[in-house]
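> As they're listed, the protein sequences go chains H and Y.
Numbering of the first sequence is given in the working numbering, commencing with residue 1 and proceeding in unit increments.
Numbering of the second sequence is given in the working numbering, commencing with residue 231 and proceeding in unit increments.
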Amino acid sequence: MSESPPQSGRPIGRRAFLGFVGLGLSSLAWGGAAMDLVAKSTLLVPESLRSALPFGKGWRIYAVSPPHPSFDPATWRLRIEGLVEHPQTLSYEQLLALPRARQTSDFVCVTGWSVDDVGWSGVRFDDLLAAARPLPTARALQFVSAEEPYTDSLTLEQARAHDAMLAYAMDGHPLERKHGAPARLVMPQMYGYKGVKWVQRIVVTDRVADGYWQQRGYDRDAWIGGSNGR
Amino acid sequence: MAVDPRLAAVAEPRVMRFGVTERRLHMAHATAFGVLILTGLVLYLPMLAQILSDRPLMKSIHLAAAAAWLTALVLVAVLGDGAQLRATRREIERFDADDLLFLRRRAAPSGRFNGGQKAHAIVQAGLAVLFTVSGVLLWLGERDTAFRLPGTIALHDAATLLVAVLVAGHIAMAFSRPQSLEGILRGTVPESYAAEHHAKWRPARAVGEAAAGWRPGPMRISLALLVAAAGLVAIVALLRDIAG
Numbered sequence: 001m002s003e004s005p006p007q008s009g010r011p012i013g014r015r016a017f018l019g020f021v022g023l024g025l026s027s028l029a030w031g032g033a034a035m036d037l038v039a040k041s042t043l044l045v046p047e048s049l050r051s052a053l054p055f056g057k058g059w060r061i062y063a064v065s066p067p068h069p070s071f072d073p074a075t076w077r078l079r080i081e082g083l084v085e086h087p088q089t090l091s092y093e094q095l096l097a098l099p100r101a102r103q104t105s106d107f108v109c110v111t112g113w114s115v116d117d118v119g120w121s122g123v124r125f126d127d128l129l130a131a132a133r134p135l136p137t138a139r140a141l142q143f144v145s146a147e148e149p150y151t152d153s154l155t156l157e158q159a160r161a162h163d164a165m166l167a168y169a170m171d172g173h174p175l176e177r178k179h180g181a182p183a184r185l186v187m188p189q190m191y192g193y194k195g196v197k198w199v200q201r202i203v204v205t206d207r208v209a210d211g212y213w214q215q216r217g218y219d220r221d222a223w224i225g226g227s228n229g230r
Numbered sequence: 231m232a233v234d235p236r237l238a239a240v241a242e243p244r245v246m247r248f249g250v251t252e253r254r255l256h257m258a259h260a261t262a263f264g265v266l267i268l269t270g271l272v273l274y275l276p277m278l279a280q281i282l283s284d285r286p287l288m289k290s291i292h293l294a295a296a297a298a299w300l301t302a303l304v305l306v307a308v309l310g311d312g313a314q315l316r317a318t319r320r321e322i323e324r325f326d327a328d329d330l331l332f333l334r335r336r337a338a339p340s341g342r343f344n345g346g347q348k349a350h351a352i353v354q355a356g357l358a359v360l361f362t363v364s365g366v367l368l369w370l371g372e373r374d375t376a377f378r379l380p381g382t383i384a385l386h387d388a389a390t391l392l393v394a395v396l397v398a399g400h401i402a403m404a405f406s407r408p409q410s411l412e413g414i415l416r417g418t419v420p421e422s423y424a425a426e427h428h429a430k431w432r433p434a435r436a437v438g439e440a441a442a443g444w445r446p447g448p449m450r451i452s453l454a455l456l457v458a459a460a461g462l463v464a465i466v467a468l469l470r471d472i473a474g
């Protein structure tokens with residue numbers, strides 16, 4: 001293309017390229033910490049704008065088999081079965097009639113984003129299971145989503161954590177469809193993939209069964225900061 | 231007798247700025263970028279993800295486009311004029327005193343590429359590597375947590391931010407000088423444009439439509455077919471993996 005002498009000048013560009021790629025690759029080690037710092041600084045921005053920021057705090061909705069399950073209050077039922085004396089089938093109204101718990105907790109996703117101070121309302125698992133009466137052999141709860149084949153489990157002990165609940169309202173409003181309407185698992189001490197959305201069945205079992213993400217290599221006990229290589 | 235100004239424009243001699251291989255390489259990057267940035271933004275911005283929450287579809291398109299992009303790059307290298315690409319690389323990576331002056335926003339004569347165009351190409355080449363590495367790591371990390379490095383997301387995100395700014399500027403500049411746009415689309419620019427903006431460049435006159443001047447041999451064509459088949463297999467495997 002060119003008759004100008006191709007060898008004029010110094011190959012600064014090659015060094016710049018290698019330096020740039022090297023710096024970029026090194027961020028595989030330090031980029032996470034840097035991103036946390038930036039994300040914290042976005043808290044200075046008003047919340048309505050924050051979700052538009054690339055490094056901001058806000059929900060990212062994942063779906064394993066779209067579209068999201070739909071919810072009809074008239075026909076929706078929650079079944080509680082497995083190792084229980086009295087299997088239950090609860091309507092939406094019956095679920096709302098159970099003792100209501102409220103909490104504010106952070107939601108942390110294993111992929112790096114988080115949402116602070118989410119207000120949840122729902123039912124603690126001791127209250128939810130009281131009528132079903134788990135058998136002495138019961139060790140775990142398996143949560144089956146209407147979004148097949150998504151499932152995940154908690155041990156009974158984990159489910160009795162002070163801030164674990166089956167939530168049906170978020171920030172003062174009934175759970176939105178994309179957040180798992182009408183009911184989802186909230187377990188703030190673990191990464192978000194444990195928080196099964198669109199829960200339609202809770203199976204009481206004698207051991208923890210691997211769920212959707214565990215079959216894909218994620219840890220069963222998803223403690224924040226203490227699992228999945230963190 | 232007055233000369234029709236349109237005839238005068240047609241009559242102006244044109245010079246070759248970009249060869250066929252260079253233009254195809256640019257088109258492969260540009261097309262892939264369009265698809266990757268649109269699907270990527272949906273995956274990336276919480277606000278868009280909530281509106282368009284068909285994440286698996288966006289993700290499938292994103293990954294398939296990435297595989298198609300890498301396949302296209304290999305195809306251009308196999309089928310294209312390698313000597314020309316190597317010459318272009320040497321041209322871009324060398325900065326002379328005038329290029330450095332240009333980067334400091336001083337008036338300085340440029341060759342076929344000015345200092346800014348060289349710097350842009352180098353950063354884009356680096357970003358291509360970083361996107362590929364961090365993207366493959368994101369994909370592997372979903373399959374095996376051993377591949378989940380603390381900075382993978384940060385690198386892919388920061389690269390996205392940088393590339394969006396660079397490409398926005400790149401497109402704005404291309405449209406502010408229609409002749410440069412003609413150069414990358416058709417291969418040729420008016421001689422006066424070359425003299426004005428690339429004074430040190432001694433281009434060859436274009437004869438008619440830019441001719442290819444390069445034909446791949448049968449070995450190259452067979453290799454290209456193999457690469458294309460491997461790319462297709464990879465794309466189908468990716469889509470099946472996501473669907474399953």
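Yeah, the Cβ is synthetic: ideal placement off N, Cα and C, and Gly gets one too.
These numbers come from a predicted model, not from an experiment.
What are the start and end residues of the alpha helix (DSSP H) that includes residue 332(Y)?
That run of the alpha helix (DSSP H) goes 327-333.
> Just confirm the distance between the C-beta atoms of residue 210(H) and residue 220(H), as a whole number of angstroms; I'd bet it's less than 8 Å.
Residue 210(H) to residue 220(H), Cβ: 7 Å. Contact.
> Between residue 318(Y) and residue 292(Y), which are expected to be in contact by the criterion C-beta below 8 Å, what is the C-beta distance as a whole number of angstroms?
Wrong, their Cβ atoms sit about 29 Å apart, outside the cutoff.
> Determine the direct distance from the alpha carbon of residue 351(Y) to that of residue 182(H), and round the result to whole angstroms.
Residue 182(H) and residue 351(Y): Cα-Cα distance of roughly 51 Å.
> Less than 8 Å between the CB atoms is what I'm expecting for residue 477(Y) and residue 290(Y), so what's the real figure, rounded?
Examination of residue 477(Y) is not possible in this model, given that chain Y is present from 231 through 474 alone.
> Could you name the residues of the stretch 297-329 of chain Y whose beta carbon sits closer than 8 Å to any beta carbon of chain H, in the order they occur along the chain?
The stretch 297-329 of chain Y vs chain H, Cβ under 8 Å: 314, 317, 318, 320, 321, 322, 323, 324, 325, 326, 327 and 329.
> Using a Cβ-Cβ cut-off of 9 Å, state whether residue 218(H) counts as contacting chain Y.
Cβ-Cβ to chain Y under 9 Å: yes for residue 218(H).
> Exposed or buried, what is residue 153(H) when buried is set at 16 or more other beta-carbons lying within 10 Å of its beta-carbon?
Per the 10 Å Cβ criterion, buried.
> By the three-class DSSP mapping on this structure, what secondary structure does residue 215(H) have?
Helix at residue 215(H).
> For residue 65(H), which residues of its own chain have a beta-carbon under 7 Å away from its beta-carbon, when the five flanking residues on both sides are left out?
Counting only Cβ-Cβ distances below 7 Å, and skipping sequence neighbours, we find 147 and 148.
> Could you give the DSSP three-state label for residue 397(Y): helix, strand or coil?
Helix at residue 397(Y).
> Any idea which residues DSSP pairs residue 107(H) with across the strands?
Paired residue(s): 115(H).
> Cβ of residue 359(Y) less than 9 Å from any chain H Cβ?
Yes, because at least one Cβ of chain H sits closer than 9 Å to the Cβ of residue 359(Y).
> Rounded C-beta distance between residue 156(H) and residue 139(H)? I'm assuming under 8 Å.
Right, the Cβ-Cβ distance comes to about 6 Å (below 8 Å), so this counts as a contact.
> So which residues on chain H does residue 267(Y) lean against when the C-beta distance must stay under 7 Å?
Within 7 Å Cβ-Cβ: nothing; residue 267(Y) doesn't reach chain H, min ~12 Å.
> Under the three-state reduction of DSSP, which class applies to residue 174(H): helix, strand or coil?
Correct three-state label for residue 174(H): strand.
> Can you give me the start and stop residues for the alpha helix (DSSP H) that residue 127(H) sits inside?
Element bounds for residue 127(H): 125-129.
> Here's the rule I'm using: 16 or more other beta-carbon atoms within 10 Å means buried, otherwise exposed. How should residue 33(H) be labelled?
When all chains shown are included, residue 33(H) counts as exposed.
> Looking at residue 422(Y): is its Cβ nearer than 9 Å to the Cβ of residue 389(Y)?
No, Cβ-Cβ distance for residue 422(Y) and residue 389(Y) is not below 9 Å.
> DSSP three-state label for residue 195(H), please.
Looking at residue 195(H) - three-state DSSP - the assignment turns out to be coil, as it is neither helix nor strand.
> How many Å lie between residue 416(Y) and residue 342(Y) at the Cα?
In a straight line, the C-alpha of residue 416(Y) is about 16 Å away from that of residue 342(Y).
> Would residue 258(Y) and residue 465(Y) be called neighbours here (beta carbons separated by less than 9 Å)?
Against a cut-off of 9 Å, the Cβ pair of residue 465(Y) and residue 258(Y) comes out as no contact.
> So the candidates are 215(H), 144(H) and 218(H); which of them puts its Cα closest to the Cα of residue 184(H)?
Out of 215(H), 144(H) and 218(H), 144(H) has the C-alpha closest to the C-alpha of residue 184(H).
> When the distance is taken between beta carbons, is residue 404(Y) closer than 9 Å to residue 245(Y)?
Against a cut-off of 9 Å, the Cβ pair of residue 404(Y) and residue 245(Y) comes out as no contact.
> Exposed or buried, residue 451(Y), counting other C-beta atoms within 10 Å across all chains shown (16 or more means buried)?
So residue 451(Y) ends up on the exposed side.
> Quick one: any contact between the stretch 125-141 of chain H and the stretch 59-76 of chain H, if contact means 3 or more CB pairs under 8 Å?
Result no; under three Cβ-Cβ pairs closer than 8 Å.
> Enumerate in chain order the residues of its own chain whose CB-to-CB distance from residue 180(H) is below 6 Å, with the five nearest sequence positions on each side excluded.
197 and 198, listed in sequence order.
> Using the Cα positions of residue 463(Y) and residue 87(H), report the straight-line distance between them to the nearest angstrom.
Their Cα atoms are separated by approximately 49 Å.
> From residue 360(Y) to residue 194(H), what distance separates their C-alpha atoms?
In a straight line, the C-alpha of residue 360(Y) is about 31 Å away from that of residue 194(H).
> Less than 8 Å between the CB atoms is what I'm expecting for residue 373(Y) and residue 217(H), so what's the real figure, rounded?
That pair is a contact at about 6 Å.
> Taking DSSP as the reference, what is the three-state secondary structure of residue 152(H)?
Here residue 152(H) sits in strand by DSSP.
> Quick one: list the residues of chain Y neighbouring residue 20(H), beta-carbon separation under 7 Å, in chain order.
353 and 356, listed in chain order.
> Could you check the C-alpha separation between residue 308(Y) and residue 252(Y) for me, to the nearest Å?
If you take the alpha carbons of residue 308(Y) and residue 252(Y), they lie about 13 Å apart.
> Return no unless some Cβ of chain H is closer than 9 Å to the Cβ of residue 341(Y).
Yes, contact with chain H.
> Measuring alpha carbon to alpha carbon, tell me which of 109(H), 60(H) and 29(H) ends up nearest residue 272(Y).
Of the candidates 109(H), 60(H) and 29(H), the one whose C-alpha sits nearest the C-alpha of residue 272(Y) is 60(H).
> In the stretch 358-378 of chain Y, which residues sit with their C-beta less than 7 Å from some C-beta in chain H, listed in chain order?
Those residues of the stretch 358-378 of chain Y that come within reach of chain H (Cβ to Cβ, closer than 7 Å) are 359, 360, 363, 372, 373, 374, 375 and 378.
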